[in-house]
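Undergrad: In terms of my numbering, the sequence shown is residues 1418 to 1522.
We put the CB at the ideal spot given by N, CA and C, even for glycine.
Predicted model only: the values in this text are computed from it and were never measured.
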Amino acid sequence: AQLRTTDLPNMSDRGLVLAKLGRRTEALEEVRRIEVRDRAGFGVMYEAAVIHAALGDIDAACRALEQAANDRGMFVGWARLDPRLDPLRDAPCFAGILERIDDGE
1418 AQLRTTDLPN
1428 MSDRGLVLAK
1438 LGRRTEALEE
1448 VRRIEVRDRA
1458 GFGVMYEAAV
1468 IHAALGDIDA
1478 ACRALEQAAN
1488 DRGMFVGWAR
1498 LDPRLDPLRD
1508 APCFAGILER
1518 IDDGE
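1) Applying the 10 Å Cβ sphere with the 16-neighbour rule, what's the burial state of E1516?
2) Taking the C-alpha atoms as reference points, what is the distance between L1482 and M1428?
3) What residue from C1479, G1432 and G1494 has the CA that sits closest to L1445's CA?
4) R1454 and V1461 - do their beta-carbons sit closer together than 7 Å?
5) For A1508, which residues of its own chain have a beta-carbon under 7 Å away from its beta-carbon, when the five flanking residues on both sides are left out?
6) Determine the closest residue to Q1484 out of P1504, E1452, R1497 and R1440, with distance taken between C-alpha atoms.
7) Go ahead and pull the three-state DSSP assignment for R1506.
8) Identify whether F1492 lies in helix, strand or coil by the three-state DSSP scheme.
9) If you count every other CB in all the chains shown that lies within 10 Å of the CB of L1498, and 16 or more means buried, which is it?
10) Is DSSP giving L1498 helix, strand or coil here?
11) May I have a chain-ordered list of the alpha helix (DSSP H) segments no shorter than 4 residues that lie completely inside the region 1432–1478?
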């Protein structure tokens, strides 16, 4: 059976699995799908940050997480604890984003 996005609890789940399997092109297709929903006003760029982090695209992950912080995405408050963002922990952008989230800016 085909795994459908509607079967998953988080929008990033399929893209995260694809990234972990080394299926970069398909993972990036999931990012594009998330970006379409974000442009429609759903505030879901945190999910794109998760996929970019899994792909090792640290700059893209930071940009997506920054946008999630700006949009007050519903999962952004978990950034400090979310193990899916571990690849970002040493990135210069991460501490600044966490500070903004903590300050509620």
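TA: Let me spell this out:
1) exposed
2) 15 Å
3) G1432
4) yes
5) I1475 and C1479
6) E1452
7) coil
8) coil
9) exposed
10) coil
11) 1441–1454 and 1462–1472
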